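> First the structure, which I've put down as structure tokens, then a few questions once you've had a look.
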Amino acid sequence: MRTIDHALSASGIASQRFIRQLHFGPSLAEQGLGARRALLQASLHADEIPPMLVAQHLRRRLTELEAQGRLLGEVVLLPACNPIGLSQQVWGRMHGRFELASGQNFNRLYPDLAEVAAAQVELGDDAAANLRALRAALHAALGAQPARTALQQLRVQLLRLAIDADVVLDMHCDNDAVLHLYAAPQQAAQAQQLGDCIGSPLALLAEESGDFPYDEACSMVWRRLRERLGERVPFACFASTLEFRGETEVSHEIAERDAEALIRFLALQGFIDAEVDAPDQSCSLRPLAGCMHIHAPHAGVVVFGDTLGREVKAGQAIGEVIDPVSGESTPLCSPVDGLHFARELQRWAQAGQSVAKVAGMEALRSGKLLSA
Ligand SMILES: [Zn+2]
Numbered sequence: 002m003r004t005i006d007h008a009l010s011a012s013g014i015a016s017q018r019f020i021r022q023l024h025f026g027p028s029l030a031e032q033g034l035g036a037r038r039a040l041l042q043a044s045l046h047a048d049e050i051p052p053m054l055v056a057q058h059l060r061r062r063l064t065e066l067e068a069q070g071r072l073l074g075e076v077v078l079l080p081a082c083n084p085i086g087l088s089q090q091v092w093g094r095m096h097g098r099f100e101l102a103s104g105q106n107f108n109r110l111y112p113d114l115a116e117v118a119a120a121q122v123e124l125g126d127d128a129a130a131n132l133r134a135l136r137a138a139l140h141a142a143l144g145a146q147p148a149r150t151a152l153q154q155l156r157v158q159l160l161r162l163a164i165d166a167d168v169v170l171d172m173h174c175d176n177d178a179v180l181h182l183y184a185a186p187q188q189a190a191q192a193q194q195l196g197d198c199i200g201s202p203l204a205l206l207a208e209e210s211g212d213f214p215y216d217e218a219c220s221m222v223w224r225r226l227r228e229r230l231g232e233r234v235p236f237a238c239f240a241s242t243l244e245f246r247g248e249t250e251v252s253h254e255i256a257e258r259d260a261e262a263l264i265r266f267l268a269l270q271g272f273i274d275a276e277v278d279a280p281d282q283s284c285s286l287r288p289l290a291g292c293m294h295i296h297a298p299h300a301g302v303v304v305f306g307d308t309l310g311r312e313v314k315a316g317q318a319i320g321e322v323i324d325p326v327s328g329e330s331t332p333l334c335s336p337v338d339g340l341h342f343a344r345e346l347q348r349w350a351q352a353g354q355s356v357a358k359v360a361g362m363e364a365l366r367s368g369k370l371l372s373a
């Protein structure tokens, strides 16, 4: 294992933050022609803790596999990829979703490098040479991006690692949820394999969910290059955001199982020399545009039933909201048939607030599809 600490030079006066990168297996240079990389990063939203424990179990397993000489490609693990968010503490609570300095979500506003990169590339008939040229052009385009603030430097470094990656797994968690993942519809087969490996009941597919999250910057840049330069551009990177259940589900037992499932996926993707059976199909692929929010009609105490992780019917109550002053109680009903896969952790809702999500089969929404 090689450890590289990438400094964020704009961290502040007399202080220093860095992104720790753990590189397992043969480096890209050591692999030579056809070199492959998988990038796994934990907790871009720094207050989403479960992925950081999964990363600890991955670190141990990857160290073992490397010592056994079983890593066929490079696996880069960022065990805590957002040092800015990790340091944000306000009134005794960690705030890791938005940068306090700018108000920006750490997992939004990644640059689209396709237009600038495409203008720099002439493709030929050699697929490997084309891929090298495209990646070099993407690196050049990324080099021209502003990197003055620590947040800009963080975004640039995470994308820099991803440009050379064939697989990118961005590990998060939801408020209170079952395991699920996000991916692009063009990569439904890989999403199915990943979801089945980790035992996820749900994969939400969207080409563009809005505001340029990290996973789409990694995978959809290849689609945009393809639109400009034609079919000789490969879909060179499979990227997925993984949601490792709810915020409080932090245990060695769960994290060890999740890490082992990711090792299995990496083996099926050719990064690990191991005999693994194809997983049983457990994961249902549904459109992100069919993910429907349930909103509280008025403020109050939220009391959920036992539907989390279950299929519910349109009109079925998944809980109620109770106005503690008037005593009024209103059922919280699913707008569609679908899987109730996530809900708010806080059991108080303001009027109009989204308190739960149900994944239906039909795309019913448009525009921005993710939460703020
Ligand atoms: Zn997140």
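In our numbering, the protein residues as written are 2 to 373. The beta-carbon is built from N, C-alpha and C at its ideal position, and this holds for glycine as well. A quick note: this is a predicted structure, and the numbers were derived from the prediction, not measured.
List the endpoints of the continuous beta strand (DSSP E) containing Leu205.
Counting along the chain, the unbroken beta strand (DSSP E) around Leu205 starts and ends at 203 to 206.
> Relative to the C-alpha of Ala115, which residue among Ala128, Met95, Ala145 is closest?
Ala145
> Residues bridged to Val222 by DSSP?
Val222 pairs with nothing; no bridge assigned.
> Buried or exposed: where does Pro51 fall if 16 or more other Cβ atoms within 10 Å of its Cβ makes it buried?
With 16 or more other Cβ atoms inside 10 Å of its own Cβ, Pro51 counts as buried.
> Taking Ala260 and Val55 to be in contact with their CB atoms under 8 Å, please state how far apart those CB atoms are, rounded to whole angstroms.
In this structure, Ala260 and Val55 form a Cβ contact; the two beta carbons are roughly 5 Å apart against a cut-off of 8 Å.
> Can you give the Cα-Cα distance for Arg62 and Gln42, rounded to whole angstroms?
Cα-Cα distance, rounded: 15 Å.
> Measuring only the C-alpha atoms, how far is Ser12 from Glu67?
Cα-Cα distance, rounded: 33 Å.
> Does any heavy atom of ligand 1 sit closer than 6 Å to the C-beta of His173?
yes
> For the alpha helix (DSSP H) containing Leu143, list its first residue and its last residue.
For Leu143, the enclosing alpha helix (DSSP H) covers residues 128 to 144.
> State the Cα-Cα distance for the pair Arg156 and Ala300, rounded to the nearest angstrom.
37 Å
> Give the DSSP bridge partners of Leu78, in chain order.
Bridge partners of Leu78: Leu23, Leu41.
> Are the beta-carbon atoms of Cys198 and Glu248 separated by less than 7 Å?
no
> Where does the unbroken beta strand (DSSP E) through Arg3 begin, and where does it stop?
From DSSP, the beta strand (DSSP E) with Arg3 extends over 3 to 9.
> Residues in its own chain within less than 6 Å of Gln191 by CB, not counting five upstream and five downstream?
Cβ neighbours of Gln191 beyond the five flanking positions: Phe239.
> Compare the beta carbon distance of Leu124 and Asn131 with 7 Å and say whether it is the shorter of the two.
yes
> Buried or exposed: Lys369, going by 16 or more other Cβ atoms within 10 Å of its Cβ?
exposed
> In angstroms with no decimal places, state the Cα-to-Cα distance between Ala81 and Ser44.
6 Å
> Ligand 1 and Glu345: does any heavy atom of the ligand fall closer than 6 Å to the residue's C-beta?
no
> Is His46 near ligand 1, judged by its Cβ being under 6 Å from some heavy atom?
At least one heavy atom of ligand 1 is nearer than 6 Å to the Cβ of His46, so yes.
> Under 7 Å, do Arg311 and Asp177 count as touching if we go by C-beta distance?
Their beta carbons are not under 7 Å apart, which means Arg311 does not touch Asp177 by this criterion.
> Start and end of the alpha helix (DSSP H) containing Thr64?
Thr64: member of the alpha helix (DSSP H) spanning 51 to 68, first to last residue.
> Should Glu49 be counted as a contact of ligand 1 given a C-beta to heavy atom distance under 6 Å?
Checking the Cβ of Glu49 against ligand 1 gives yes.
> Under three-state DSSP, which class holds Val304?
strand
> At the level of alpha carbons, what is the spacing between Ala36 and Gln154?
26 Å
> Alpha carbon to alpha carbon, how far is Leu269 from Leu439? Give it in angstroms, no decimals.
Outside the shown range of the chain (2 to 373) lies residue 439, about which nothing can therefore be said.
> Using only CA atoms, which one of Gln22, Pro186, Gln282, Asp167 lies nearest to Thr4?
Gln22
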